[in-house]
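*Asks:*
Residue numbers (this note's numbering): 8 to 158.
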């Protein structure tokens with residue numbers, strides 16, 4: 008049962024807050040792309056009028072020792088591999104979260120993927136009519152750099 012929280016639907020001039028689940032996945036750097044592609048294909052991952060919304064944190068590493076019962080068996084050594092985190096949000100919908108876990112486990116390179124789920128409140132823009140705002144990327148000379156390239 009979900010209880011009402013003071014932040015549920017909290018209304019501010021430019022945005023409102025919505026309760027959501029933030030999912031963070033640790034993955035070796037070489038395994039990031041298959042997870043991104045599968046998540047984007049299988050889940051809506053929407054934020055306002057955008058979809059396929061994910062964030063990738065780079066330049067970390069994973070550290071672990073394989074124990075008896077793992078695919079590698081008891082190796083006895085501590086391994087270290089370059090790793091990244093994939094972060095995305097979902098509405099608080101258990102069926103959608105189950106689907107996310109199914110997708111992650113089907114494409115993740117690790118036998119024991121590290122997945123964390125947190126309940127947070129995310130902002131949703133009211134999409135104010137501020138098309139002339141000089142700070143918006145489309146009004147800036149560095150718009151291409153800020154907005155990125157199509158994949």
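For every residue, glycine included, the Cβ atom is placed at its ideal position computed from N, Cα and C.
Quick one: what's got a C-beta closer than 6 Å to residue 41's C-beta in the same chain, skipping five residues either side?
*Replies:* Taken in chain order, the residues that qualify are 114.
*Asks:* Output yes or no for whether 7 Å exceeds the beta carbon distance between residue 25 and residue 131.
*Replies:* Yes; because the gap between Cβ atoms is below 7 Å, this pair is in contact.
*Asks:* Whole beta strand (DSSP E) runs in the stretch 81 to 156 with 3 or more residues, listed along the chain?
*Replies:* Fully enclosed beta strand (DSSP E) runs of 3 or longer: 85 to 98, 121 to 132.
*Asks:* Hey, would you say residue 30 sits closer than 7 Å to residue 112, going by beta carbons?
*Replies:* No; because the gap between Cβ atoms is not below 7 Å, this pair is not in contact.
*Asks:* Can you tell me whether residue 28 is buried or exposed, with buried defined as 16 or more other CB within 10 angstroms of its CB?
*Replies:* Classification of residue 28: buried, given that the 10 Å Cβ count is 16 or more.
*Asks:* Report the CB separation of residue 78 from residue 118 in whole angstroms; it is logged as a contact under 8 Å.
*Replies:* Right, the Cβ-Cβ distance comes to about 5 Å (below 8 Å), so this counts as a contact.
*Asks:* Indicate whether residue 44 and residue 93 have their beta-carbon atoms separated by less than 7 Å.
*Replies:* Going by C-beta atoms, residue 44 is not nearer than 7 Å to residue 93.
*Asks:* Going by CA-CA distance only, name the one from 144, 157, 155, 135 that's closest to residue 19.
*Replies:* The shortest Cα separation from residue 19 among 144, 157, 155, 135 belongs to 135.
*Asks:* Give the range of the beta strand (DSSP E) segment to which residue 14 is assigned.
*Replies:* From DSSP, residue 14 is part of no beta strand (DSSP E); its letter is neither H nor E.
*Asks:* Whose CA, out of 140, 50, 13, 91, lies closest to the CA of residue 35?
*Replies:* If we check each option's Cα against that of residue 35, 91 comes out closest.
*Asks:* Report the start-end ranges of each alpha helix (DSSP H) in the stretch 30 to 57 that is 4 residues or longer and not cut off at the edges.
*Replies:* Qualifying alpha helix (DSSP H) stretches, in chain order: 39 to 49.
*Asks:* Using 10 angstroms around the beta-carbon of residue 46, count the other beta-carbons present and answer buried if the total reaches 16, otherwise exposed.
*Replies:* Residue 46 should be labelled buried.
*Asks:* Assuming residue 128 and residue 52 form a contact by the criterion Cβ under 8 Å, report the distance between their Cβ atoms to the nearest whole angstrom.
*Replies:* 18 Å between Cβ atoms; not a contact.
*Asks:* What does DSSP give as the partner residue(s) for residue 25 in the beta ladder?
*Replies:* DSSP output for residue 25 lists 129 as bridge partner(s).
*Asks:* Since residue 67 is in the beta strand (DSSP E), which residue starts that stretch and which ends it?
*Replies:* 62 to 72 is the span of the beta strand (DSSP E), which, as asked, contains residue 67.
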